[in-house]
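Taking numbering that gives the first Met the number 0, the leading residue of the sequence shown gets 0, the next gets one more, and so forth.
A short worksheet on the structure shown next.
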Amino acid sequence: MNHFQYKDKDLYCEDVPVAQIAAKLGTPLFVYSHATLTRHYQAFDKAFGNVDHIICYSAKANTNGAILKLFANMGSGLDVVSGGELHRGLAAGIPANKIAYAGVGKTQNEIDLAINSGILMFNVESFEELQAINARAKALGKKAPISLRVNPNVDAKTHPYISTGMKKNKFGIAKEAVLEAYKAANALEATDVVGIDFHIGSQITQVGPFVEAMESVKALASDLRDLGINVKYLDVGGGLGINYKDEAPPEPDEYAKAICKVIADFPITVVLEPGRAMVGNAGIMVTKVLYLKEGTTKNFIIVDAGMNDLVRPSIYDAYHLIQPVNMREGNPITGDVVGPICESTDFLAKDREIGAVTSGDFLAVMSSGAYGFAMSSNYNSRPRACEVMVKGQAFEVIRARETYEDLTRGENIPTFL
Ligand code: LLP
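Structure representation (C-alpha cells):
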C-alpha cells in the first residue's frame, strides 16, 4: 500500500493531510511514513527469510536518529562509512556486533572507535588500510574482524556517479589482487578474516549485475576455502533501485532469489546493506511556491527549497516527481521548478508540468527519503529543513528546523580582529 495518497484532492501521509503538517511546521520539510519504513524492512527480512542473514541498513541514505531507532527496534544492523555514522548508530541502539564499517578513508580515530565498540566487521578497501587496522588492533590488544571489499569489475548499469564496482572506481580491492590480500590478512596477528564484501553501485534496476558480482565472489569464496580460510559472512552491499519515474526495479523477493540461488550450496551468512530501497519512497520533501515568474523562454516556479535541501537533481540530473499537495482547478503550469540559491544548477525539475499552482501552494517532491536530508547543507546560509515522522494519525518532529543561531554555532572571531 502506498502511504502517500490523495484523498479527494489532498495529499495525505498515512492519515494526516500533508498540508496540515506544512502549515504547522513550515517548509521546506521532510515527511516520513512509519508504515512504509516498517514495510520496507520487513520485505527485505522476509525475502531473505530462508537464509541466515543480517540486514545492515545503510545509514548514509538517511541518518536521522528516529529512523535508525525504528530499524533498530526491528532488529536491524547498520552499514556505516564514518565515525559519525557509527556514533549515531550506537546512540540509536543498533547493537555494535551488527555494524559493518566500509569506506576507503578510515582514520585512526575512527578505526579505534570501531575496534573498541566491537563492530561486526571492517569492510577493508586497500592493503594499506589492512595494515593500519592490524596495527591499531594490536596496539589496543584486540582482534579486528575484517572482510575485504572486492571490486568485481561489474557494470552496475546505473548513473556513472553512483557506480562503484568497476576498475576505474576508487572502491575495493581489484579481484585480481584480492586473493593475495586475503593471504596477507590471514597472516596478520591482530585481524580475524570473517567475510567477503562487495558493493557495485546504487539505484540498480536489474538483477543481472548483482548475479554477476555474486558469481565472482562465489569463486573467490571457494578459492579461500581451498586455502583454509573459511569466511562466515558474504556482504552483498546495497544498491537495489527504487521507482522514481518509470523504472521497474526488482522487488526484494526477486533480488533475494537471484542472490540466494548463486550461494544455495554455500553455508554462509548474507549481510545486506540496503539504503535507498529502505527509505527512498518512505519520504517526501514539502516545499512552498514563492513566486511564479514568466521568463522570456520559459516559466519558473520558484519554491522555498533549494539544492541545499535536495541536491540530487543538481548533481545527478535525478528525476523526482513533483505534485501539488492540494490539487486545484485551473490550467496546469509547465516550467522549471527552481530554488532560491544563487546557482543555475539550483533546480528540482526542468520543463515539468506541475498542475495548476499559485504562489503560496505547497508542492510535494516525491521519493525524497533517501539522500535527501542526508545530503543537505547550509549553502547560502540556509538553515536545514525540519523532519517529521507520521504514524497513523500522529506526527512528531524528528529533527527541528535549524535556526540562525545554529548557523554560526562553533564559529569564533579571532582575538586579532
Ligand atoms: N553499502 C555501501 C558500501 C555503499 O557505498 C552504499 C551507497 C550502500 C551500501 C547503499 O546503497 P543503496 O542501497 O542506497 O543504493 N547519493 C547518491 C547515492 C550514493 C550511494 C553511495 N553508496 C544518490 O543520491 O543517488
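Built from N, CA and C at the ideal position, the CB exists for glycine as well.
In this text the structure is predicted, and so the values were computed from the model without any measurement.
> Can you give the Cα-Cα distance for Asn-229 and Leu-223, rounded to whole angstroms?
Replying inline: 7 Å
> Heavy atom of the ligand LLP less than 7 Å from the Cβ of Tyr-315, yes or no?
Replying inline: yes
>> With a threshold of 7 Å (Cβ to nearest heavy atom), would His-198 be considered close to the ligand LLP?
In response: yes
> If Asn-61 sits next to Val-310, beta carbons under 8 Å apart, how far is it from one beta carbon to the other, in whole angstroms?
Replying inline: So it is not a contact: roughly 14 Å between Cβ atoms.
> Near Asn-379, which residues of its chain fall below 8 Å by C-beta distance, leaving aside the five closest residues on each side in sequence?
Replying inline: Gly-305, Asn-307, Pro-339, Ile-340, Cys-341
> Residue range of the alpha helix (DSSP H) that Gln-107 falls in?
Replying inline: Unbroken alpha helix (DSSP H) run through Gln-107: 107-116.
>> DSSP has Lys-45 in a bridge; who is on the other side?
In response: DSSP lists no partner for Lys-45.
> Which runs of the beta strand (DSSP E) fall wholly inside the stretch 272-356 and span at least 3 residues, in chain order?
Replying inline: The DSSP assignment places complete beta strand (DSSP E) segments of no fewer than 3 residues inside the stretch 272-356 at 282-293, 298-302, 321-323, 333-337, 346-352, in order along the chain.
> Looking at C-alpha atoms only, which residue of Gln-322, Ala-220, Leu-289 is the closest neighbour of Thr-357?
Replying inline: Leu-289
>> Taking 7 Å as the cut-off, is the beta-carbon of Arg-275 closer than that to any non-hydrogen atom of the ligand LLP?
In response: With a cutoff of 7 Å, Arg-275 counts as near the ligand LLP, since its C-beta is closer than that to a heavy atom of the ligand.
>> If distances are taken between C-alpha atoms only, which option among Arg-275, Ala-247, Ala-218, Leu-226 comes closest to Phe-265?
In response: Ala-218
>> Can you find the residues in the same chain that come closer than 8 Å, C-beta to C-beta, to Tyr-160, ignoring five residues on each side of it along the sequence?
In response: Ile-314, Tyr-315
> For the candidate residues Thr-333, Ala-95, Asp-225, Asp-234, whose alpha-carbon lies nearest to that of Thr-296?
Replying inline: It is Thr-333.
>> If the criterion is Cβ atoms closer than 8 Å, does the pair Ala-136 and Thr-204 meet it?
In response: For Ala-136 and Thr-204, no; Cβs fall outside 8 Å.
>> Please tell me whether, using a cut-off of 7 Å, the distance from the CB of Tyr-318 to the nearest non-hydrogen atom of the ligand FAD is below it.
In response: In the structure shown, the ligand FAD is absent; the only ligands present are the ligand LLP.
>> Using only the alpha-carbon positions, how far apart do Phe-346 and Ile-300 sit?
In response: 10 Å
> At what residues does the beta strand (DSSP E) containing Tyr-378 begin and finish?
Replying inline: No beta strand (DSSP E) holds Tyr-378; DSSP gives it neither H nor E.
>> To the nearest angstrom, how far is the alpha carbon of Ile-110 from that of Pro-94?
In response: 17 Å
> Could you check where the alpha helix (DSSP H) with Thr-407 kicks off and where it finishes?
Replying inline: 403-407
>> Taking 7 Å as the limit between beta carbons, can you name the residues of its chain near Gly-238, skipping five residues before and five after?
In response: Closer than 7 Å at the Cβ level, and outside the excluded window around Gly-238, lie Ala-155, His-198, Ile-199, Gly-200, Ser-201, Ile-203.
>> In the DSSP output, which residue or residues are listed as bridge partners for Ser-162?
In response: Under DSSP, Ser-162 forms a beta bridge with Gly-200.
> For Asp-494 versus Asp-335, is the C-beta spacing smaller than 8 Å?
Replying inline: Outside the displayed range of the chain (0 to 416) lies residue 494, so it cannot be described from this structure.
> Buried or exposed: where does Lys-292 fall if 16 or more other Cβ atoms within 10 Å of its Cβ makes it buried?
Replying inline: exposed
>> Please classify Asn-280 as buried or exposed, where buried requires at least 16 other C-beta atoms within 10 Å of its C-beta.
In response: buried
>> For Ile-20 and Ile-98, I'd like the C-alpha separation in whole angstroms.
In response: 34 Å
> How is the alpha helix (DSSP H) around Asn-133 delimited, first residue to last?
Replying inline: Its alpha helix (DSSP H) spans residues 126-138.
> Taking the alpha helix (DSSP H) that Phe-209 falls in, what are its first and last residues?
Replying inline: 207-225
> Near Ile-267, which residues of its chain fall below 6 Å by C-beta distance, leaving aside the five closest residues on each side in sequence?
Replying inline: The residues are Leu-233.
>> Using C-beta distances below 7 Å, list every residue in its chain close to Val-15, excluding the 5 sequence neighbours before and after it, in chain order.
In response: Val-389, Gln-392, Phe-394
> Could you give the distance in angstroms between the alpha-carbon of Tyr-100 and the alpha-carbon of Lys-6?
Replying inline: 43 Å
> Buried or exposed: Phe-415, going by 16 or more other Cβ atoms within 10 Å of its Cβ?
Replying inline: Label assigned to Phe-415: exposed.
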